[in-house]
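Q: Input: one structure, supplied below.
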Amino acid sequence: AQSVTQPDIHITVSEGASLELRCNYSYGATPYLFWYVQSPGQGLQLLLKYFSGDTLVQGIKGFEAEFKRSQSSFNLRKPSVHWSDAAEYFCAVARSGGYNKLIFGAGTRLAVHP
Amino acid sequence: EPEVTQTPSHQVTQMGQEVILRCVPISNHLYFYWYRQILGQKVEFLVSFYNNEISEKSEIFDDQFSVERPDGSNFTLKIRSTKLEDSAMYFCASSERGGTGELFFGEGSRLTVL
Chain A
1 AQSVTQPDIH ITVSEGASLE LRCNYSYGAT PYLFWYVQSP GQGLQLLLKY
51 FSGDTLVQGI KGFEAEFKRS QSSFNLRKPS VHWSDAAEYF CAVARSGGYN
101 KLIFGAGTRL AVHP
Chain R
115 EPEVTQTPSH QVTQMGQEVI LRCVPISNHL YFYWYRQILG QKVEFLVSFY
165 NNEISEKSEI FDDQFSVERP DGSNFTLKIR STKLEDSAMY FCASSERGGT
215 GELFFGEGSR LTVL
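Residue numbers (our numbering), protein chains in the order written: chain A, 1 to 114; chain R, 115 to 228.
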């Protein structure tokens with residue numbers, strides 16, 4: 001069965017510091033992988049996605065993620081965090097064929113110190 | 115920018131009561147979804163809907179739940195007889211197409227069952 005693990009429940013970084021949020025997935029075939037962000041009082045917004053091709057994908061708001069098949073990982077990175085990045089981040093996987101049923105991780109809550 | 119809107123933002127109900135959560139998907143979208151997130155737990159897929167019928171549902175989506183597109187704009191989730199464990203944030207989403215069509219999520223409706 002598909003599953004997603006986000007090992008870090010809470011992360012705190014200083015503004016301007018780099019960020020890496022971890023995501024590991026379990027899926028038998030090539031997965032479709034996603035990162036969503038949820039700001040307080042907001043819905044889930046897609047940051048980036050991986051379907052195939054280049055394993056380093058660029059997203060919105062300066063985020064990127066790298067798909068590593070050998071490690072079953074899809075970690076999210078940002079070189080310099082802004083205070084407005086404070087939010088909850090969700091990694092998700094879907095079976096090939098797309099979005100119809102996303103399996104989400106438990107989320108990582110990011111706090112940013114000034 | 116077009117968005118998915120959900121009402122109500124918060125509903126409190128007594129156990130056993132019927133609840134209807136409403137969603138207005140993006141106007142040219144054809145695929146509709148409901149997800150839920152119990153407090154402190156993962157976002158979970160409930161159901162997908164296309165061409166006026168359910169295309170997929172999870173084991174959570176039992177006979178107590180139903181979905182409907184009563185007119186050209188609304189997409190509703192009905193819970194016939196609410197239980198305490200139905201307390202959660204319910205997210206509606208829509209996509210222009212299935213497969214790789216991006217999901218756009220609403221801000222959620224928080225349901226509290228007393």
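For every residue, glycine included, the Cβ atom is placed at its ideal position computed from N, Cα and C.
In the DSSP assignment, find the beta strand (DSSP E) that holds residue 68 of chain A and state where it starts and stops.
A: Working through the first sequence from its first residue, we reach residue 68 of chain A at position 68. Element bounds for residue 68 of chain A: 64-68.
Q: Assuming residue 118 of chain R and residue 225 of chain R form a contact by the criterion Cβ under 8 Å, report the distance between their Cβ atoms to the nearest whole angstrom.
A: Numbered from 1 along the second sequence, position 4 holds the residue referred to as residue 118 of chain R. Numbered from 1 along the second sequence, position 111 holds the residue referred to as residue 225 of chain R. The Cβ separation is near 17 Å, so there is no contact.
Q: Just the Cα atoms here: how many angstroms apart are residue 217 of chain R and residue 120 of chain R?
A: To locate residue 217 of chain R, count along the second sequence from 1; it is residue 103. To locate residue 120 of chain R, count along the second sequence from 1; it is residue 6. Cα to Cα, the separation comes out at about 15 Å.
Q: Suppose contacts are defined by Cβ-Cβ distances below 8 Å. Is residue 145 of chain R in contact with residue 208 of chain R by that definition?
A: Position 31 of the second sequence holds residue 145 of chain R. Position 94 of the second sequence holds residue 208 of chain R. Yes, the pair counts as a contact, with Cβ atoms nearer than the cut-off.
Q: Skipping 5 residues on each side, what residues in its chain have a beta carbon closer than 6 Å to that of residue 109 of chain A?
A: Indexing the first sequence from 1 puts residue 109 of chain A at position 109. Excluding positions up to five away in sequence, the list reads 10, 88.
Q: Please state whether DSSP places residue 71 of chain A in a helix, a strand or coil.
A: Translated into the one-based positions of the first sequence, residue 71 of chain A becomes position 71. Residue 71 of chain A: helix per DSSP, three-state reduction.
Q: Taking only heavy atoms of the ligand GTP into account, decide whether any of them is closer than 7 Å to the Cβ of residue 115 of chain R.
A: With respect to small molecules bound, the structure shown includes none, and the ligand GTP cannot be examined in it.
Q: Compute the beta-carbon to beta-carbon distance between residue 20 of chain A and residue 69 of chain A, rounded to the nearest angstrom, for a pair I have assumed lies under 8 Å.
A: Working through the first sequence from its first residue, we reach residue 20 of chain A at position 20. Working through the first sequence from its first residue, we reach residue 69 of chain A at position 69. Not really, about 18 Å apart at Cβ, beyond 8 Å.
Q: Following the continuous beta strand (DSSP E) through residue 3 of chain A, name the residue where it begins and the one where it ends.
A: Walking along the first sequence from the start, residue 3 of chain A turns up at place 3. 3-5 is the extent of the beta strand (DSSP E) around residue 3 of chain A.
Q: Ignore the nearest five residues each way along the sequence and tell me which others in residue 157 of chain R's own chain have a CB closer than 8 Å to its CB.
A: In the second sequence, the residue the question calls residue 157 of chain R occupies position 43. Around residue 157 of chain R: 149, 150, 151, 205.
Q: Can you find a C-beta in chain R that's less than 8 Å from the C-beta of residue 101 of chain A?
A: Here residue 101 of chain A refers to the residue found at position 101 of the first sequence. Interface residue, yes.
Q: Just list the residues that DSSP pairs residue 144 of chain R with in beta bridges.
A: Residue 144 of chain R sits at position 30 when you count from the first residue of the second sequence. Per DSSP, none; premise fails for residue 144 of chain R.
Q: What residue does the beta strand (DSSP E) around residue 51 of chain A start on, and which one ends it?
A: Locating residue 51 of chain A in the first sequence gives position 51, where the first residue counts as 1. Neither: residue 51 of chain A is in no beta strand (DSSP E) and is coded neither H nor E.
Q: Taking 8 Å as the cut-off, decide whether the C-beta atoms of residue 196 of chain R and residue 136 of chain R are in contact.
A: Working through the second sequence from its first residue, we reach residue 196 of chain R at position 82. Working through the second sequence from its first residue, we reach residue 136 of chain R at position 22. No, these two residues do not count as a Cβ contact at 8 Å.
Q: With a threshold of 8 Å between beta-carbons, can residue 141 of chain R be considered close to chain A, or not?
A: In the second sequence, counting from the first residue as 1, residue 141 of chain R sits at position 27. Closer than 8 Å: no.
Q: Assign residue 9 of chain A to one of three DSSP states: helix, strand, or coil.
A: For this step, residue 9 of chain A is matched to residue 9 along the first sequence. If DSSP states are grouped into helix, strand and coil, residue 9 of chain A belongs with coil.
Q: Just curious, the beta strand (DSSP E) that residue 125 of chain R is in, first and last residue?
A: For the purposes of this step, residue 125 of chain R is taken as the residue at position 11 of the second sequence. Per DSSP, residue 125 of chain R belongs to the beta strand (DSSP E) from 124-127.
Q: Of all the options A/27, A/12, A/14, A/15, which has the alpha carbon lying nearest to the alpha carbon of residue 3 of chain A?
A: On the first sequence, residue 3 of chain A is found 3 positions in, with the first residue counted as 1. For residue 3 of chain A, the nearest C-alpha among the options comes from A/27.
Q: Residue 130 of chain R to residue 202 of chain R, Cα distance in whole Å?
A: Locating residue 130 of chain R in the second sequence gives position 16, where the first residue counts as 1. Locating residue 202 of chain R in the second sequence gives position 88, where the first residue counts as 1. Residue 130 of chain R and residue 202 of chain R: Cα-Cα distance of roughly 16 Å.
Q: If you follow the beta strand (DSSP E) that residue 137 of chain R is in, where does it begin and where does it stop?
A: As a working note, residue 137 of chain R is residue 23 in the second sequence. Unbroken beta strand (DSSP E) run through residue 137 of chain R: 133-138.
Q: Classify residue 169 of chain R as helix, strand or coil using the three-state DSSP reduction.
A: As a working note, residue 169 of chain R is residue 55 in the second sequence. Here residue 169 of chain R sits in strand by DSSP.
Q: Please check if any C-beta of chain A sits within less than 8 Å of the C-beta of residue 66 of chain R.
A: A query on residue 66 of chain R cannot be resolved here, the shown segment of chain R reaching from 115 to 228 and no further.
Q: Take residue 215 of chain R and list the residues in its own chain whose beta-carbon comes closer than 7 Å to its own, dropping the five residues that flank it on each side.
A: Start at 1 with the first residue of the second sequence, and residue 215 of chain R comes out as number 101. Cβ within range, chain order: 145, 209.
Q: Give every residue of the same chain whose Cβ lies closer than 6 Å to the Cβ of residue 34 of chain A, excluding the five residues on either side of it in the sequence, and list them in chain order.
A: Here the question's residue 34 of chain A lines up with position 34 in the first sequence. 49, 92, listed in sequence order.
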